[in-house]
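Worksheet for the structure shown next.
Numbering (this note's numbering), first residue to last: 1 to 398.
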């Protein structure tokens, strides 16, 4: 089974501190977000160079948990990046606002170029970076909105866009036979028919923007987010399970096109990837199914992970110290992403997933060691430094 994942080039969020007695952390970098991003990096590694989930057992279960949910978490954190750049507590206006918008546009262009370049290397990984750049551009018009408005839009997008994608699939498939592999085909792929189509993935980004607008230094907000995330996950995956078992003929129809693995399609990609063969696909919540149920479930996981990481690093000092290498990886996630793509290419890995467990352990260990050492001497990761230099030209915008 081939599963596609990738990561975000989101910048880290600003310098965090332990919570005070009033339940608030000092202003600064939200270290918990870096921890969440680091965990997403390792989830992506598991999806690409880990053992095949089909092998079963505890290892197979853990590998399956990473599939799709890691990339959704990265997309969710992309919303944090947009809000950070354009103003988190209050959107930037005037000259600062124009320069911030320019930074996002430049970042998007670089990501699309980098994604295209990595794809041209012949890597077996489905690169997300170009899609990621498109997400930035599509959500940019929303950067002035507050948390409530963003949450409403994210909800509407999660409900409507998957149905649009499903209805448009036959026309897109028919049109692909007549399109040359040029600019038009590339745009259609990025928006509708690729591995991470923007139509189905921008709800994650918008949801991330909504959460980033909240007072994340508040312990009460963090607790509410943890509970809300868990509730969304239950609603998405549990709702899918109920729908598949209660809607007459749904599970049978899915089994015809997906085989016996259809019984796990409420949470797992083991049934394969969505097709237009039956409307029953709209009821599944497998991480790459790009349905409303999957978006709700994956968003819930992302919200819960970020909120839990924020709580953990600010309330358990020992955990924060132990997690420092993972936090370092999260602070340079673009570098960590490109590292693993290059590593897969150099090692000649073709079957994704399907590598022995020691290969995954080796990738994780290498990333931890490099990030830990690098962060002792430099504020940004190497590729993050280059990105900052490139987007710095936005200061010339008037």
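Glycine included, each C-beta is placed from N, C-alpha and C at the ideal position.
Backbone secondary structure at residue i - three-state DSSP
i: residue 218; result: strand
i: residue 92; result: coil
i: residue 37; result: helix
i: residue 378; result: coil
i: residue 356; result: coil
i: residue 279; result: helix
i: residue 398; result: coil
i: residue 324; result: helix
i: residue 127; result: coil
i: residue 197; result: coil
i: residue 285; result: coil
i: residue 142; result: helix
i: residue 265; result: coil
i: residue 133; result: helix
i: residue 213; result: coil
i: residue 164; result: helix
i: residue 259; result: coil
i: residue 247; result: coil
i: residue 292; result: helix
i: residue 52; result: coil
i: residue 63; result: helix
i: residue 121; result: coil
i: residue 188; result: helix
i: residue 347; result: helix
i: residue 182; result: coil
i: residue 229; result: helix
i: residue 112; result: helix
i: residue 21; result: Low confidence applies here, because residue 21 scores a pLDDT of 37, under 50, leaving its location unreliable; read the following figure in that light. Three-state result, residue 21: coil.
Buried/exposed call for residue i, threshold 16 Cβ in 10 Å
i: residue 21; result: Only weak support is given to the placement of residue 21: the predicted model assigns it a pLDDT of 37, under 50, and the question is left unresolved by the model.
i: residue 121; result: exposed
i: residue 173; result: exposed
i: residue 378; result: exposed
i: residue 89; result: exposed
i: residue 103; result: buried
i: residue 351; result: exposed
i: residue 292; result: buried
i: residue 161; result: buried
i: residue 373; result: exposed
i: residue 277; result: exposed
i: residue 146; result: exposed
i: residue 61; result: exposed
i: residue 171; result: exposed
i: residue 376; result: exposed
i: residue 203; result: buried
i: residue 336; result: buried
i: residue 254; result: buried
i: residue 242; result: exposed
i: residue 148; result: exposed
i: residue 399; result: Because the chain here runs from 1 to 398, residue 399 falls outside it and cannot be looked at.
i: residue 224; result: exposed
Residue i and residue j closer than 7 Å at C-beta
i: residue 232; j: residue 296; result: yes
i: residue 75; j: residue 159; result: no
i: residue 210; j: residue 151; result: yes
i: residue 286; j: residue 269; result: yes
i: residue 125; j: residue 341; result: yes
i: residue 328; j: residue 371; result: yes
i: residue 394; j: residue 99; result: yes
i: residue 330; j: residue 212; result: no
i: residue 32; j: residue 313; result: yes
i: residue 386; j: residue 334; result: no
i: residue 127; j: residue 119; result: yes
i: residue 136; j: residue 96; result: no
i: residue 66; j: residue 94; result: no
i: residue 35; j: residue 216; result: no
i: residue 207; j: residue 299; result: yes
i: residue 143; j: residue 82; result: yes
i: residue 339; j: residue 45; result: no
i: residue 347; j: residue 381; result: no
i: residue 267; j: residue 237; result: yes
Presumed contact (8 Å Cβ cut-off) between residue i and residue j, rounded CB distance
i: residue 284; j: residue 355; result: Actually they are not in contact, since the Cβ atoms of residue 284 and residue 355 sit about 27 Å apart, beyond 8 Å.
i: residue 317; j: residue 368; result: The Cβ separation is near 20 Å, so there is no contact.
i: residue 129; j: residue 114; result: 5 Å
i: residue 154; j: residue 192; result: That belief does not hold up - the Cβ atoms of residue 154 and residue 192 are roughly 19 Å apart, past 8 Å.
i: residue 302; j: residue 47; result: Rounded, the Cβ-Cβ distance is 15 Å, inconsistent with contact.
i: residue 50; j: residue 353; result: 5 Å
i: residue 244; j: residue 166; result: With a Cβ gap of about 16 Å, residue 244 and residue 166 do not count as contacting.
i: residue 319; j: residue 59; result: Contact doesn't hold; Cβ gap of about 24 Å is too wide.
i: residue 197; j: residue 64; result: The Cβ separation is near 22 Å, so there is no contact.
Residue i beta carbon near the ligand GTP (any heavy atom closer than 6 Å)
i: residue 106; result: Questions concerning the ligand GTP fall outside what the structure shown contains, since it holds no ligand whatsoever.
For the region 236-253 against the region 182-189, are there 3 or more C-beta pairs whose distance is under 8 Å?
Not touching, per the Cβ criterion.
Inter-stretch contact at 8 Å, needing at least 3 Cβ pairs: the region 185-199 / the region 219-233
no
Using a Cβ distance threshold of 8 Å, determine whether the region 306-316 contacts the region 34-41, with at least three qualifying pairs required.
yes
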